[in-house]
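Number of protein chains: 2
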Amino acid sequence: MKLGRLNHVGVATPSIEKSLETYRTMFGVEPRGAPFDLPAQGVRVCFVDAPNSQIELIEPLGEASPIVKFLEKNPLGGQHHVCFEVPDIHAAKADFEAKGARVLGEPRIGAHGTLVFFVHPKDMGGVLTEIMETPGEAH
Amino acid sequence: MKLGRLNHVGVATPSIEKSLETYRTMFGVEPRGAPFDLPAQGVRVCFVDAPNSQIELIEPLGEASPIVKFLEKNPLGGQHHVCFEVPDIHAAKADFEAKGARVLGEPRIGAHGTLVFFVHPKDMGGVLTEIMETPGEAH
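Protein chains in written order, with the numbering used here: chain A, 10 to 148; chain B, 10 to 148.
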């Protein structure tokens, strides 16, 4: 497997609106679209485009959100994960598992509408790593 | 100021060599060049290229390294900062300061040979943010 595009850096925040205000003030940038709920991942999501990649702002969606604990430790928010693209999500999952990495659950629909999975940070140098099947042109 | 290219994601590690082994095993990728010391920032550095951006692996250089505390909290390593490019580092510094963001010290030479500064994570949604004058073609 090759190292694919850095699709985005996932940034957890207690408030997408507040984070967008920071990006607006500091960088004069507006989000790519309105925030939307992603129930499969337990987060509310909004993207901010850099010329070559994206920042994915994620806010907890419900009390069982997987980022609640992260925000307890990091009340202001912070870098939560990085996401790399792969051409085939199932081949990537098999490849990571064959190499002994812990894949967290089955592939699920991610924020760009394609299948994603996460790899345990303990197997990735402390970095929670999302693997995403490359989105089509529409994304 | 516009949001510039995401030049890299900075990943702190207790061992660049060990991290490179992870990238080699999991993604079949070799570093862009050999690790090198960056005394001005108190880190040893090595870059891994994704097609559109980079991962900057940083290891403490000396006991006074600014990432020693980060690694005490995150012994395996983890995401340390994000770095965006700007066309003019001094204009960017003045702009951040005019907006009330805390710029951490004067611009210094960064890992790509151009001037950089960091903005306090408390002013950037918990994300330690490096601002880098866009490197030339050689970088």
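Cβ atoms here follow ideal geometry from the backbone N, Cα and C, with glycine treated the same way.
Among the options, nearest to residue i - alpha-carbon criterion
i	options	result
M10 (chain A)	A:E72, A:P23, A:E94, A:F79	A:E94
K131 (chain A)	B:R117, B:G134, B:Q88, B:P144	B:Q88
I118 (chain B)	B:Q50, B:A73, B:P23	B:Q50
F126 (chain B)	B:D46, B:E30, B:E106	B:E106
P84 (chain B)	B:P23, B:G13, B:V18	B:P23
E81 (chain B)	B:C92, B:H90, B:P69	B:P69
V128 (chain A)	A:A110, A:A59, A:A21	A:A110
D58 (chain A)	A:F79, A:G134, A:G19, A:D104	A:G19
K108 (chain A)	B:H17, B:F36, B:K108, B:G13	B:F36
P75 (chain A)	A:H17, A:H121, A:E142, A:L113	A:L113
H90 (chain A)	A:G13, A:A21, A:H121	A:A21
Per-residue DSSP class, three states only, for residue i
i	result
A147 (chain B)	Confidence is the limiting factor: at A147 (chain B) the pLDDT is only 47, short of 50, which leaves the residue's position unreliable, though a coordinate-based value still follows. DSSP places A147 (chain B) in coil when its eight states are reduced to three.
I76 (chain A)	coil
E60 (chain A)	Looking at the sequence itself, residue 60 (chain A) is Pro, so the reference to Glu does not match. Of the three classes helix, strand and coil, the one that applies to P60 (chain A) here is coil, per DSSP.
L70 (chain A)	coil
E39 (chain A)	coil
H129 (chain B)	coil
Interface partners of residue i on chain A, CB under 8 Å
i	result
M10 (chain B)	M35, F36, G37
F105 (chain B)	M35
Backbone CA spacing between residue i and residue j [nearest angstrom]
i	j	result
S28 (chain B)	V77 (chain B)	17 Å
T123 (chain B)	P48 (chain A)	43 Å
L15 (chain A)	L137 (chain B)	19 Å
G71 (chain A)	R53 (chain A)	9 Å
L66 (chain B)	P40 (chain A)	29 Å
G145 (chain A)	S62 (chain A)	15 Å
I140 (chain A)	I25 (chain A)	23 Å
V38 (chain B)	C55 (chain B)	13 Å
I64 (chain B)	A73 (chain A)	31 Å
A147 (chain A)	D46 (chain B)	Note that A147 (chain A) has pLDDT 46, beneath the 50 cutoff, so the model's placement of it is unreliable and no number is given.
P96 (chain B)	R33 (chain B)	33 Å
K102 (chain B)	C92 (chain A)	29 Å
G86 (chain A)	G42 (chain B)	33 Å
E30 (chain B)	I98 (chain A)	23 Å
F79 (chain A)	M133 (chain A)	18 Å
G135 (chain B)	E115 (chain A)	30 Å
E142 (chain B)	D104 (chain B)	14 Å
P44 (chain B)	G13 (chain B)	26 Å
A100 (chain B)	A100 (chain A)	46 Å
H121 (chain B)	H121 (chain A)	32 Å
P60 (chain B)	P60 (chain A)	14 Å
Residues bridged to residue i (per DSSP)
i	result
Q88 (chain A)	A:V20
F45 (chain A)	A:V54
F93 (chain A)	A:L15, A:I140
L124 (chain A)	A:I118
L29 (chain A)	In the DSSP output, where bridge partners are listed per residue, L29 (chain A) has none listed.
E65 (chain A)	A:G19, A:F56
Beta-carbon neighbours of residue i, restricted to chain B and to distances below 9 Å
i	result
R14 (chain A)	A59, P60, N61, S62
Within chain B, the residues that residue i reaches when beta carbons sit closer than 7 Å
i	result
G134 (chain A)	V20, T22, S28, T31, L85, G86
Interface partners of residue i on chain A, CB under 7 Å
i	result
A110 (chain B)	M35
F93 (chain B)	A59
Contacts that residue i makes with chain A (C-beta to C-beta distance below 9 Å)
i	result
K131 (chain B)	L85
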